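Peer 1: Sharing a structure here in structure tokens format.
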Amino acid sequence: MYGKGILKGLGVTLNRFMETYLDDISWWVRGKKRYNSPEGIAHRQSKNTRGIFTVQYPEEQLLQPEEFRFVPFLVHDGDDKKDIRCTSCGICAKVCPPQCIWIVRTNDPQTGKPVPQPAEFYIDMDICMNCGFCAEYCPFDAIKMDHDFAIASYERNVYNLEKLLKPASYYAEIRPLNYTKEEEARKAKEAAKAAKAEAAAAAPAA
Amino acid sequence: MTAPASTTTIDASAQLSASLVARFPDSVTADARPGFSGFIVKKENLVEVATALRDEFSFDLLSTVTGVDYIAENKMEVVYHAHRTTGGPGIVFKTQVDRVDPIEVPSLINVWAGADFQEREAWDLMGIKFTGHPDLRRILMWEGFEGHPLRKDYKEAFYEEDVKPYKSRWPEGNHTYAEFKNPYRDNVKLPEGFSLDNYQPQTEDQLYFSLERSSTKNDAGHEKEMGDHMVVNMGPHHPSTHGVLRVAVELNGETITSLKPVMGYLHRNHDKIGERNTYLQIMPYTDRLDYFNSMANNFGYAVTVEKLMKIPVAERAEYIRVIMAELSRVQNHLIFIGMLINDLGSMYTPSLYAFEERELILDIFEAVSGARMMCNYFRFGGVVRDIPDDAMQKIKDLVFDRLQAKTDEMERFLNENEVLVARLKDVHVLNAEEAIRHSVTGPCLRAAGVPYDLRRADPYSVYDRFDFDVAVRYNGDMYDNYLIRFDEIRQSLRILEQALKQIPGGPINSQKPQYQVRVPAGEAYGRVESPKGELAYYVVSNGKPNPYRYHVRAPSFVNLTAVETMCKGVKIADFVALLAMLDIVMGEVDR
């Protein structure tokens, strides 16, 4: 029969239409919020989602997975921005594919020797391609990828040290699993170092 | 099972080498440079040798034509890769000419029609003149462009240094913005003494001349054809051209008599960018080729450089790679179906249904790699990170519980739709012979009845461990081209199910993480079956941290070679659908 295929197809659309409302009703009956709640959004991102699963941005936002990456930031320990993890080794600037990082090193005013702390650290966020290499290859866990993607502005987004620095607690908040893993690794390393120093101290005594 | 297979390969290639050199003792020599393979053919005998390779040695599919500028040796080399559609490893042959303009090499367009666009590209970017090519115009660079940007002595407008990392970034940090280096504040370099007043672009005339010449109205038997022929320019801002593709079409009434695609609007010289970058830095740039399938692009590049570095890939990483590549294929084909229906005029509903599943797959990519589209997930020897537990669970959920049912639903939704069937059925796309001649690969070739799938024909990664069928259909019409995507989704799901069951534990990279990889001198040609066709990379290393030559054989670009053959004689309304069949992505066409 001519038109059977079209009717079959329309059946699929009708089914979708029904499912959208059935899902809404079933959430309403169970007294849960399908919209504007993390639970509802998670459901709409899962395999069980049915019907329309539009997320009403910006009122609702998709749940960001931990590994989500958008533009880098520098990590500092403590509350003030003094204890910077970065040693200005420059690996991030070397590995950066669009070459958007540039670093000015600090020299000790008395000796003139380089100090492991950047005097200036610039990232041109307009050029940054969010590849995440800088965070991946930083040996000091000093540069990490951010979750904040709403950085549009009317000017060029060249971030300086002041703007790039964010506390380690913020890092722990956006990437809890990675943070714990790194802290554990660091503690293990420190413990190994301490044990080695102890052994070295014990050796001459014996 | 691997060991005997590889010995037979070596035997076969030694045999081939011996018989080829015996057939042409004067003109063919084996390429003896360390790290290189294949043959060097004398320029004078190139066409003869190529014809023999096609007819006597059955290398019927020309994969790549590209050039390498060996400036130190004052040589320009043209590299050809040819394959057999029956499978097995390919053959590399090269011809070398002195690097003195005009650099002339005979065109192979009469041997393999698929050489057309690739030779034009080599002319445009390297300045190699292919004598005998009927339509040797610039293809990617704009009208009035001076020079050949892939030559080693060409410096772009924003030139800073030959290779990254640039010294200015570290440690002094006296960085300047690229746009301040040029008086026009633009990425344009004008020739000496250029004046806009006297400038007369030739390109348009050349295009229309070429369009006129290849028109079927000139064919014998068409002399008596009456009526005006009209030239229509579709694009570059035509919604159905999937980006910025312009197509100049000559029409007789509503019938296409001649057609020429014009591309390059999105050209950024990916090859040159690659040669400025270090090996690792290229990885995120490959994401931007076919931006629907960054995982497949990463895959091809990683396979190529691993071949060059001769390093193994961690077992678990191989499975992760396959899982990602197949998920990518599923979402690509769903989008293809949705967009095809869009092009046919049924706006949005089917494409948005396809987008729903794609959304769920992109969520996985995001959880795994950190980005939805620009994944940058593969590293040499493995992948960046293991799949997080929740993402793994979601992949399993989707593969085992959802995607199969949703593919069924999509088929129920569209397959029997009378309007769709009327539009697609019996509209001829390509037959097997035409497809092979024009180097078309991917679903279009398989829908024409050639079961050529690199996952079977020349298995890479761990594809030889999975049980799946090569999707193939035989009519070569649009409806088959459409149905074959569903077949491929099903086969991908089969592979995914097996991969998810078999995936072993262990490390995800065989190498230590390093930002500067050591790549020994030599060449490598790696190819993978991307959802659009055969995606291949040709990389030449001279032992330095940056590749000496980096070339991408983009399936969309090469498949476009066949578009004129496909469209001649069909109605203009079908052109849009036929173009959709090729499943092109301009990021990959223009590179």
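Sequences listed follow chains L and U, in order.
Throughout the first sequence, residue numbering follows the numbering used here, covering 1 to 206 in sequence.
Throughout the second sequence, residue numbering follows the numbering used here, covering 1 to 591 in sequence.
Think of the CB as a built atom: it goes at the ideal place given N, C-alpha and C, for glycine as much as any other residue.
If you're wondering where the values come from, they're calculated on a predicted model, not measured in any experiment.
Which residues, in order along the segment 158-174 of chain L, keep a beta-carbon less than 7 angstroms from a beta-carbon of chain U?
Peer 2: Per Cβ criterion, the list is empty.
Peer 1: Is the segment 120-136 of chain L in contact with the segment 167-178 of chain L, if contact means three or more CB pairs nearer than 8 angstroms?
Peer 2: In short, these stretches do not touch, since the Cβ pair count stays below three.
Peer 1: Per the DSSP calculation, T64(U) is bridged to which residue(s)?
Peer 2: For T64(U), which the question treats as bridged, DSSP gives the partners H81(U).
Peer 1: Of the residues K167(U), P134(U) and I128(U), which one's Cα is nearest the Cα of P149(U)?
Peer 2: Selected option, being the one with the closest Cα: I128(U).
Peer 1: State buried or exposed for I151(L), treating a residue as buried only when at least 16 other CB atoms are found within 10 Å of its CB.
Peer 2: Under this definition I151(L) is an exposed residue.
Peer 1: Measure from the C-beta of R69(L) to each C-beta in chain U and report whether the shortest distance is under 8 angstroms.
Peer 2: Cβ-Cβ to chain U under 8 angstroms: yes for R69(L).
Peer 1: Does the segment 437-449 of chain U come close enough to the segment 553-572 of chain U that 3 or more CB-CB pairs lie under 8 angstroms?
Peer 2: With a cut-off of 8 angstroms, the segment 437-449 of chain U and the segment 553-572 of chain U count as touching, because enough Cβ pairs lie within range.
Peer 1: At the level of alpha carbons, what is the spacing between N34(L) and T20(L)?
Peer 2: The sequence given here places Arg at residue 34(L); Asn does not occur at that position. So the two alpha carbons sit approximately 11 angstroms from each other.
Peer 1: Does any C-beta atom of chain U lie closer than 8 angstroms to the C-beta of A93(L)?
Peer 2: Taking Cβ atoms only, chain U reaches closer than 8 angstroms to A93(L), which makes this a yes.
Peer 1: Is it the case that the segment 44-63 of chain L contacts the segment 16-31 of chain L, given that we only count it when at least three CB pairs across the two stretches are under 8 angstroms?
Peer 2: A contact exists between the segment 16-31 of chain L and the segment 44-63 of chain L.
Peer 1: To which residues of the same chain is T7(U) closer than 8 angstroms at the C-beta, ignoring the five residues directly before and after it?
Peer 2: Below a pLDDT of 50, predicted positions are generally treated as unreliable, and T7(U), at 48, falls in that range; the measurement from the model is reported next regardless. Counting only Cβ-Cβ distances below 8 angstroms, and skipping sequence neighbours, we find nothing.
Peer 1: Measuring alpha carbon to alpha carbon, tell me which of M126(U), G87(U), T85(U) and T255(U) ends up nearest V595(U).
Peer 2: Summary: the structure shown does not reach residue 595(U), with chain U confined to residues 1 through 591, and so no result is reported for it.
Peer 1: Going along the chain, which residues of the segment 392-406 of chain U sit with their C-beta nearer than 8 angstroms to a C-beta in chain L?
Peer 2: Those residues of the segment 392-406 of chain U that come within reach of chain L (Cβ to Cβ, closer than 8 angstroms) are K394, D397, L398, D401 and R402.
Peer 1: On the criterion of 16 or more Cβ atoms from any shown chain inside 10 Å, does S37(L) qualify as buried, or is it exposed?
Peer 2: So S37(L) ends up on the exposed side.
Peer 1: Just how far apart, CA to CA, sit R30(L) and E39(L)?
Peer 2: Roughly 13 angstroms between the two C-alpha positions.
Peer 1: Strictly below 7 angstroms CB to CB, what residues from chain U border T13(L)?
Peer 2: The contacting residues are T349.
Peer 1: Looking at the strands, I want to know which residues DSSP matches up with L535(U).
Peer 2: Answer is V528(U), bridged to L535(U).
Peer 1: Is the Cβ of L280(U) closer than 8 angstroms to any Cβ of chain L?
Peer 2: By this cut-off, L280(U) is an interface position.
Peer 1: Can you tell me the Cβ-Cβ gap for A317(U) and G382(U), rounded? I've got them flagged as a contact below 8 angstroms.
Peer 2: So it is a contact: roughly 4 angstroms between Cβ atoms.
Peer 1: Classify T95(U) as helix, strand or coil using the three-state DSSP reduction.
Peer 2: T95(U): strand per DSSP, three-state reduction.
Peer 1: With a 10 Å radius around its C-beta and 16 neighbouring C-beta atoms as the bar for buried, classify N160(L) as buried or exposed.
Peer 2: Exposed, since its Cβ has fewer than 16 Cβ neighbours within 10 Å.
Peer 1: Taking the alpha helix (DSSP H) that H43(L) belongs to, which residues open and close that run?
Peer 2: From DSSP, the alpha helix (DSSP H) with H43(L) extends over P38 to R44.
Peer 1: Suppose the cutoff is 6 angstroms on Cβ atoms and the five residues either side in sequence are ignored; what does the same chain contact list for D583(U) look like?
Peer 2: Within the same chain, D583(U) has close Cβ partners F336 and K532.
Peer 1: Between which two residues does the beta strand (DSSP E) carrying S258(U) extend?
Peer 2: Start and end: T255 to V262.
Peer 1: Distance cutoff 8 angstroms, beta carbons only. Does I6(L) sit that close to anything in chain U?
Peer 2: Interface residue, yes.
Peer 1: Between the segment 131-145 of chain L and chain U, which residues of the former have CB atoms less than 8 angstroms from a CB of the latter, in chain order?
Peer 2: Those residues of the segment 131-145 of chain L that come within reach of chain U (Cβ to Cβ, closer than 8 angstroms) are C131, G132, F133, E136, Y137 and M145.
Peer 1: Between the segment 367-383 of chain U and chain L, which residues of the former have a C-beta closer than 8 angstroms to a C-beta of the latter?
Peer 2: Cβ contacts with chain L: A367, V368, S369, G370, A371, M374 and N376.
Peer 1: Rounded to the nearest angstrom, how far is the Cβ of V322(U) from that of A573(U), given a contact under 8 angstroms?
Peer 2: With 8 angstroms as the limit, V322(U) and A573(U) do not qualify as a contact, their Cβ atoms being about 40 angstroms apart.
Peer 1: Which of the three DSSP states, helix, strand or coil, is assigned to L266(U)?
Peer 2: It is coil, neither helix nor strand.
Peer 1: Buried or exposed: which applies to N417(U), given that a residue is buried once 16 or more other Cβ atoms fall within 10 Å of its Cβ?
Peer 2: By the 10 Å Cβ count, N417(U) comes out buried.
Peer 1: According to the neighbour-count rule (16 or more other Cβ atoms, all chains shown, within 10 Å of its Cβ), is H237(U) buried or exposed?
Peer 2: The residue in question, H237(U), is exposed, as its Cβ has fewer than 16 Cβ neighbours within 10 Å.
Peer 1: For L251(U), which three-state DSSP category applies?
Peer 2: DSSP places L251(U) in strand when its eight states are reduced to three.
Peer 1: Report the residues of the segment 296-317 of chain U with a CB closer than 7 angstroms to any CB of chain L, ordered along the chain.
Peer 2: From the segment 296-317 of chain U, no residue has a Cβ closer than 7 angstroms to chain L.
Peer 1: Let's test the definition: count the other Cβ atoms within 10 Å of the Cβ of F93(U) and tell me whether it reaches 16, buried, or not, exposed.
Peer 2: Buried.
Peer 1: For the 8 angstroms Cβ check, are there 3 or more pairs between the segment 294-309 of chain U and the segment 536-552 of chain U?
Peer 2: Enough Cβ pairs lie closer than 8 angstroms, so yes.
Peer 1: For K42(U), does the three-state DSSP call read helix, strand or coil?
Peer 2: Note: K42(U) maps to coil in three-state DSSP.
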